[in-house]
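Engineer:
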Amino acid sequence: MNTERFDTIITRWENGETPSPDDVRALEQACAADVRVARRYGKILPFIRRDAGLESADESPLRPNGAAEPRSQLVEIADLVMESIAESGHLPRRRHRISLPVAAAAVIAIALVGIGAIASTLFFSPTQQPIAHDSPSDTVTVRFSLVAPEAQSVSIVGDFNDWAPGLHVLAEPDSDGVWWIEIPLQRGDTYTYNFLIDDEVWIPDPRAERTIRDPFGTKKSVLNL
Amino acid sequence: MTSAARRIAAFAAIVIVFGVLRVPAASADNGLESWLRSDPRAAQYRPIADEATELARVLADSNIPDGFLVRIIAEAAAKRVSPTAVVSVFRRTVDAFLAANAVLSEVGFLPERPDGRDSLFVRLGIVFSAGLDVSVFEELVVYADNLDKLLTVSEAIAETLSVTDLEPDAKTALGRSLLASRLPVSAYGSVPSVYLRGRAGGLSTDDVTTIIIDALGRGGGLVQIDAELRRRVR
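Next up, the structure:
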């Protein structure tokens, strides 16, 4: 695939130019069509989408994790790009004038689609991580999940619960190996955390936005809200 | 009651009221001391309690919040880290905070609001404990236009350290080239993935650092870094 057009888009973006929605969609489609393109542009796609006014980078599921092995990391980035594209729905633009009842109906329809999307995220896509559900208050509800089919128990332990193991235990309601929990957190804060499997194995969140070393020689995840 | 007695009684009441209000305020100000005194997990850290309290007071003397020390000891308790290791991290953190506080104050980057300072020292604590040397941070301050840019580049380097080791000189050079580049701040977070891809392609960490610095130095961005990476990996 010829990536020249996309290189131009990204170079312009780096120079402060706002990418057009059409450019972003073309980039998304190219990522969906070609894993190599997804690898090349997947990491910065959410930021380009945000600057184009299509989506907040913070809400993007494209959050590769530095803790994974290099090759599996690349595959994961590509997989996440595929997931995000598969789940994003774009309504066709109407450029001609429309009447008030039609506009009202459209608004209701969009609202229903939005509610459906949120419901879908909440109940049918438990592997996207971590997802912040925005609200006008100072609190943001964040959904964490982990695929751990062999685990007997999974809890999340971090700055938000004073590193108290067992305070936030993940549930696995469908017996599909996907453990999850939703936690209300303070907007504007930075948190670090780990998953604790079977009360003995500490791991960073494979889908976290950022992973760092902790001061004791292991790795943990970072969440900025 | 005479008027003098009434005045004394009123004064005493005021003193008592302020005294009562002051007690919780003082406790709230010293988070680590409070944690060591009241948290059930604190017993295992009794051998270092005095030094830890003293280090928290050193921070307080410089108007630096000690909330990050509470985060460290709580995490240590959960992960069953020894008291010796914890106090060692405390010493390094306090030294780093004092140095960062001084240099940020010098360049006018210190937030005046207490919540701004809380947030700043949490972010600084995370990057320092992740392996960013305070000497590197002090050098980068000079090249940053603003605090957010400085913290974001520090976080990018700290995150890179979770995928590969970098010598202090390489950290400084990488940070300087990012700060001097035309990359938007939001793109700094891509740096760790560049290292991952380079390493996955068989390049050394030094090679990847050189590729990034050269590309940014020539006025390039992520596209040019990626192009050079692919050329070298072939």
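In order, the protein sequences belong to chains A and B. Residues in the first sequence are numbered from 922 upward in steps of one, following the numbering used here. Residues in the second sequence are numbered from 1222 upward in steps of one, following the numbering used here. Positions of the beta carbon are idealized from the N, C-alpha and C atoms, including for glycine.
(1) From V1075 (chain A) to Y1112 (chain A), what distance separates their C-alpha atoms?
(2) What three-state label does DSSP hand R1131 (chain A) in the structure shown?
(3) Give the single residue among B:L1387, B:R1338 and B:S1411 whose Cα lies nearest to the Cα of T1426 (chain B).
(4) So that I know if they touch, is there some Cβ in chain B lying closer than 8 Å to that of F1137 (chain A)?
(5) Rounded to the nearest angstrom, how far is the Cβ of G1293 (chain B) from that of V1279 (chain B), given a contact under 8 Å?
(6) Measuring CA to CA, which of B:A1299, B:A1323, B:R1258 and B:V1291 is closest to D1282 (chain B)?
(7) Give the residues of chain C in contact with D1059 (chain A), contact being defined as C-beta atoms less than 9 Å apart.
(8) Does any residue of chain A have a CB that is nearer than 8 Å to the CB of P1286 (chain B)?
(9) Is the Cβ-Cβ distance between D1120 (chain A) and S1142 (chain A) less than 8 Å?
(10) May I ask you to verify whether the stretch 1376 to 1390 of chain B touches the stretch 926 to 939 of chain A, counting CB pairs closer than 8 Å and requiring at least 3?
(11) Can you grab the Cα-Cα spacing for the pair L1371 (chain B) / A1263 (chain B), in whole Å?
(12) For the stretch 1346 to 1370 of chain B, which residues have a beta carbon sitting closer than 7 Å to at least one beta carbon of chain A?
(13) Can S1096 (chain A) be considered in contact with the ligand ATP, in the sense that its beta carbon sits closer than 7 Å to one or more heavy atoms?
(14) So, L1345 (chain B) versus A1321 (chain B), is the Cβ gap smaller than 8 Å?
(15) With a threshold of 8 Å between beta-carbons, can E1403 (chain B) be considered close to chain A, or not?
(16) Just reading off the beta strand (DSSP E) that F1065 (chain A) is part of, what are its end residues?
(17) For the stretch 1345 to 1376 of chain B, list the beta strand (DSSP E) runs that are entirely contained and at least 3 residues long, ordered along the chain.
(18) Hey, out of B:L1325, B:P1332 and B:V1343, whose CA is closest to T1314 (chain B)'s CA?
(19) When you compare the CB of D1119 (chain A) with every CB in chain B, is at least one pair closer than 8 Å?
(20) The stretch 1427 to 1449 of chain B: which residues have C-beta closer than 7 Å to a C-beta of chain A, in chain order?
(21) Per DSSP, S1407 (chain B) is paired with what?
(22) Among A:I1104, A:F927, A:R970 and A:K1140, which has the Cα closest to the Cα of T1062 (chain A)?
(23) Could you have a look at W1084 (chain A) and say whether DSSP puts it in helix, strand or coil?
(24) Assign N1322 (chain B) to one of three DSSP states: helix, strand, or coil.
(25) DSSP three-state label for E1071 (chain A), please.
(26) Is the CB of T1062 (chain A) under 8 Å away from at least one CB in chain B?
(27) With a threshold of 7 Å on Cβ separation, who are the neighbours of F1116 (chain A) within its own chain once the five nearest residues in sequence on each side are excluded?
(28) Please report how far the alpha carbon of L1400 (chain B) lies from the alpha carbon of A973 (chain A), in whole angstroms.
(29) Express the C-alpha separation of H1089 (chain A) and D1260 (chain B) in angstroms, rounding to a whole number.
(30) Can you name the residues of chain B whose CB is closer than 7 Å to the CB of T939 (chain A)?
(31) With a threshold of 8 Å between beta-carbons, can R1278 (chain B) be considered close to chain A, or not?
(32) Taking only runs of the beta strand (DSSP E) that begin and end inside the stretch 1274 to 1319 of chain B, which ones reach a length of at least 3 residues, in chain order?
(33) Give a yes or no on contact between the stretch 1294 to 1305 of chain B and the stretch 1125 to 1139 of chain A, applying the rule of three or more CB pairs nearer than 8 Å.
(34) Helix, strand or coil for G1079 (chain A) per DSSP?
(35) What's the gap between the Cα of D1447 (chain B) and the Cα of V1362 (chain B)?
(36) By the criterion of Cβ-Cβ separation under 8 Å, what are the contact partners of V1310 (chain B) in chain A?
Structural biologist: If we stick to the structure as given:
(1) In the first sequence, the residue the question calls residue 1075 (chain A) occupies position 154. In the first sequence, the residue the question calls residue 1112 (chain A) occupies position 191. In a straight line, the C-alpha of V1075 (chain A) is about 19 Å away from that of Y1112 (chain A).
(2) The residue labelled residue 1131 (chain A) in the question sits at position 210 within the first sequence. Strand, per DSSP.
(3) Indexing the second sequence from 1 puts residue 1426 (chain B) at position 205. That would be B:L1387, whose Cα lies nearest to the Cα of T1426 (chain B).
(4) For this step, residue 1137 (chain A) is matched to residue 216 along the first sequence. So, interface residue.
(5) Looking up residue 1293 (chain B) in the second sequence gives position 72. Looking up residue 1279 (chain B) in the second sequence gives position 58. Looking at the sequence shown, residue 1293 (chain B) is not Gly but Ile. Not quite, the Cβ-Cβ distance comes to about 15 Å (not below 8 Å), so this is no contact.
(6) The residue labelled residue 1282 (chain B) in the question sits at position 61 within the second sequence. Comparing Cα positions, the closest option is B:A1323.
(7) In the displayed structure, chain C is absent; the protein chains listed are A and B.
(8) Position 65 of the second sequence, counted from the first residue, corresponds to residue 1286 (chain B). Cβ-Cβ to chain A under 8 Å: no for P1286 (chain B).
(9) Taking the first sequence and counting its residues from 1, one reaches residue 1120 (chain A) at position 199. Taking the first sequence and counting its residues from 1, one reaches residue 1142 (chain A) at position 221. No. Outside cutoff.
(10) no
(11) Residue 1371 (chain B) sits at position 150 when you count from the first residue of the second sequence. Residue 1263 (chain B) sits at position 42 when you count from the first residue of the second sequence. L1371 (chain B) and A1263 (chain B): Cα-Cα distance of roughly 35 Å.
(12) I1347, S1350, A1351 and G1352
(13) Among the ligands in the structure shown, none appear at all, so the ligand ATP cannot be discussed.
(14) By 1-based counting over the second sequence, the position of residue 1345 (chain B) is 124. By 1-based counting over the second sequence, the position of residue 1321 (chain B) is 100. Their beta carbons are under 8 Å apart, which means L1345 (chain B) touches A1321 (chain B) by this criterion.
(15) Along the second sequence, one-based indexing puts residue 1403 (chain B) at 182. Note that residue 1403 (chain B) is Arg in the sequence shown here, rather than Glu. Yes, R1403 (chain B) counts as interfacial toward chain A.
(16) Counted from its first residue, the first sequence places residue 1065 (chain A) at position 144. Element bounds for F1065 (chain A): T1060 to V1068.
(17) none
(18) In the second sequence, counting from the first residue as 1, residue 1314 (chain B) sits at position 93. For T1314 (chain B), the nearest C-alpha among the options comes from B:V1343.
(19) Numbered from its first residue, the first sequence carries residue 1119 (chain A) at position 198. With 8 Å as the cut-off, D1119 (chain A) does not count as an interface residue toward chain B.
(20) G1442, L1443, V1444 and D1447
(21) Start at 1 with the first residue of the second sequence, and residue 1407 (chain B) comes out as number 186. BP columns for S1407 (chain B) are empty, so no partner.
(22) Taking the first sequence and counting its residues from 1, the one referred to as residue 1062 (chain A) is at position 141. T1062 (chain A) has its Cα closest to that of A:I1104, out of A:I1104, A:F927, A:R970 and A:K1140.
(23) For this step, residue 1084 (chain A) is matched to residue 163 along the first sequence. Residue state, collapsed to three classes: coil.
(24) For the purposes of this step, residue 1322 (chain B) is taken as the residue at position 101 of the second sequence. Helix, per DSSP.
(25) Here the question's residue 1071 (chain A) lines up with position 150 in the first sequence. Coil.
(26) If you number the first sequence from 1, residue 1062 (chain A) lands on position 141. Chain B, which has no Cβ nearer than 8 Å to the Cβ of T1062 (chain A), makes this no.
(27) Position 195 of the first sequence, counting from 1, holds the residue named residue 1116 (chain A). L1067, V1075, I1077, I1124 and D1126.
(28) Start at 1 with the first residue of the second sequence, and residue 1400 (chain B) comes out as number 179. Start at 1 with the first residue of the first sequence, and residue 973 (chain A) comes out as number 52. Spanning the two alpha carbons is a distance of roughly 24 Å.
(29) Position 39 of the second sequence, counted from the start, is the residue given in the question as residue 1260 (chain B). Position 168 of the first sequence, counted from the start, is the residue given in the question as residue 1089 (chain A). Using only the alpha carbons, I get a separation of about 18 Å.
(30) Translated into the one-based positions of the first sequence, residue 939 (chain A) becomes position 18. By Cβ distance, chain B contributes nothing, its closest Cβ being about 11 Å from T939 (chain A), past 7 Å.
(31) For this step, residue 1278 (chain B) is matched to residue 57 along the second sequence. With 8 Å as the cut-off, R1278 (chain B) does not count as an interface residue toward chain A.
(32) none
(33) yes
(34) Within the first sequence, the letter at position 158 stands for residue 1079 (chain A). G1079 (chain A) falls in the strand class under three-state DSSP.
(35) Taking the second sequence and counting its residues from 1, the one referred to as residue 1447 (chain B) is at position 226. Taking the second sequence and counting its residues from 1, the one referred to as residue 1362 (chain B) is at position 141. In a straight line, the C-alpha of D1447 (chain B) is about 28 Å away from that of V1362 (chain B).
(36) Position 89 of the second sequence, counting from 1, holds the residue named residue 1310 (chain B). Correct list: P1136 and F1137.
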